[in-house]
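The structure appears right after this line, and notes come after that.
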């Protein structure tokens with residue numbers, strides 16, 4: 219049974235989600251504060267967390283940061299905050315997905331299934347097959363249709379980070395910080411240049427990429 223923790227201070231919403239999730243076979247745990255949510259996450263094995271940002275004691279982004287200190291469980295933000303800045307901050311902190319309130323139950327269920335599925339098929343130590351591509355992170359080798367493709371160190375760093383987060387959106391700030399260092403950088407042109415180079419080398423049709431996907435205004439995603 220898939221275990222889900224829902225953290226939201228809207229008790230009516232919690233009750234409704236518990237009914238919908240339980241009816242679909244989920245094991246449901248709930249919390250109305252960030253502190254209670256963190257205690258619940260530490261005390262049990264979870265498959266996915268659904269998290270509101272507007273909690274009474276902690277901002278949801280703080281909860282994401284605290285969760286990421288001890289777990290890689292998928293986190294789906296469920297928030298009334300529709301501003302792109304809030305979305306980017308949540309994703310940069312380690313959220314896997316972002317759903318804006320009001321939302322459709324069927325959409326949320328689909329997002330939950332996708333998050334759990336991605337976590338279950340996360341990259342192992344061996345090579346990863348993605349269509350024409352075979353990517354061996356440990357050996358730092360990538361092949362397209364069996365032919366090894368030469369990547370520069372920076373191109374490899376970008377690809378490595380995206381592949382390790384396969385299926386998850388990686389924010390622009392996270393990419394810049396982890397690849398170019400802790401200095402705060404606003405020049406997203408770095409990423410555009412290297413993503414364009416990677417697509418030319420790895421995509422069948424660089425203008426219509428299948429694997430190196432841009433999420434407008436937020437970041438990038440590797441899709442196997």
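Numbering (this note's numbering), first residue to last: 219 to 442. Quick reminder that beta carbons are idealized off the backbone N, C-alpha and C, glycines included.
Query: How is residue 402 classed by DSSP in three states: helix, strand or coil?; Result: Unreliable positioning characterises residue 402 in this predicted model, as indicated by a pLDDT of 47, which lies under 50. A coordinate reading is not provided.
Query: When DSSP labels each residue in this structure, what does residue 348 get in the three-state scheme?; Result: strand
Query: Residues in the same chain with beta-carbon distance under 6 Å from residue 422, minus the five sequence neighbours each way, listed in chain order, please.; Result: none
Query: Mark residue 364 as exposed unless 16 or more other C-beta atoms lie within 10 angstroms of its C-beta, in which case mark it buried.; Result: exposed
Query: Using only alpha-carbon positions, find the residue among 318, 426 and 369 that is nearest to residue 357.; Result: 369
Query: Going by CA-CA distance only, name the one from 240, 426 and 434 that's closest to residue 323.; Result: 240
Query: Please name the residue or residues paired with residue 440 in a DSSP beta bridge.; Result: 430
Query: Determine the DSSP secondary structure at residue 238, reduced to helix, strand or coil.; Result: helix
Query: Considering just the uninterrupted stretch of the beta strand (DSSP E) at residue 297, what are its terminal residues?; Result: 293-297
Query: For the alpha helix (DSSP H) that contains residue 497, what are its first and last residues?; Result: With the chain covering only 219 through 442, there is no way to say anything about residue 497.
Query: For the beta strand (DSSP E) containing residue 315, list its first residue and its last residue.; Result: 315-318
Query: Residue 411 and residue 393 - do their beta-carbons sit closer together than 8 Å?; Result: no
Query: Mind checking residue 413: buried by the 16 CB within 10 Å criterion, or exposed?; Result: buried
Query: Could you tell me how far apart the beta carbons of residue 361 and residue 352 are, in whole angstroms, since I believe they sit closer than 8 Å?; Result: 5 Å
Query: Nearest-angstrom Cα distance between residue 271 and residue 439?; Result: 23 Å
Query: Who does residue 223 pair with in a DSSP beta bridge?; Result: 247 and 267
Query: State the beta-bridge partners of residue 369 as determined by DSSP.; Result: Note: residue 369 sits in no beta bridge, so no partner.
Query: For a quick check, are the C-beta atoms of residue 273 and residue 281 less than 8 Å apart?; Result: yes
Query: Alpha carbon to alpha carbon, how far is residue 355 from residue 367?; Result: 13 Å
Query: Report, in whole angstroms, the separation of the C-beta atoms of residue 386 and residue 336, which I expect to be a contact under 8 Å.; Result: 7 Å
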